[in-house]
Amino acid sequence: MKILRKPAWWSAAMIVVAHQVVQYGLDWQIPVLDAYLDPLLCLPVLLGLWLTERQWLFSTERLGNLEVVVAGLALAILFEEGFPRWQPAFVRDWWDYLAYAVGGTWFWWFINPKSEKEPSPTE
């Protein structure tokens with residue numbers, strides 16, 4: 031549950047909720063946010079929830095490099111390749127892959143806790 035106390039996770043989650051309210055509740059369209067904000071914030075929110083579940087069930091301290099990369103790629107491919115094939119309302123956009131990469135980096139640096147064994151980037 032340590033992850034759900036982090037401001038970096040809550041800021042991503044609250045921005046997602048606020049954007050959905052603005053986009054669908056108030057019917058305000060902000061094209062660049064409508065196109066790229068969900069892919070940007072997807073990985074910080076979903077990987078944070080996954081890590082919370084792993085901490086609770088298995089006492090896992092953090093997600094490893096490979097786990098973050100594989101999960102990020104799997105979700106990006108599912109959302110960008112799979113969903114547009116199954117539902118015409120979804121649109122494939124190559125720029126979304128960049129947004130997923132930035133979101134994965136956000137998760138890695140600001141949400142995924144550093145191991146005691148790892149030096150911090152400032153050392």
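The sequence shown finishes on residue 153 if you use the numbering used here, and the numbering steps up by one all the way, no holes. Each residue gets a CB set at the ideal place from its N, CA and C atoms; glycine is no exception.
Presumed contact (8 Å Cβ cut-off) between residue i and residue j, rounded CB distance
| i | j | result |
| --- | --- | --- |
| I33 | L71 | In fact, because the Cβ distance is near 15 Å, the residues do not count as touching under 8 Å. |
| L77 | L67 | With a Cβ gap of about 17 Å, L77 and L67 do not count as contacting. |
| F140 | A38 | 4 Å |
| D123 | A65 | 7 Å |
| E91 | P143 | 6 Å |
Extent of the continuous alpha helix (DSSP H) run through residue i
| i | result |
| --- | --- |
| G133 | 124-136 |
| N95 | 95-107 |
| W116 | 113-116 |
**Request:** Let me know the alpha helix (DSSP H) ranges lying completely inside the stretch 31-74, each 4 residues or longer, listed in chain order.
**Result:** 37-50
**Request:** Would you check if the stretch 122-136 and the stretch 70-87 touch, i.e. whether three or more CB-CB distances between them fall below 8 Å?
**Result:** yes
**Message:** Across the stretch 38-52 and the stretch 95-114, are there enough close Cβ pairs to call them in contact, namely three or more that are closer than 8 Å?
**Reply:** no
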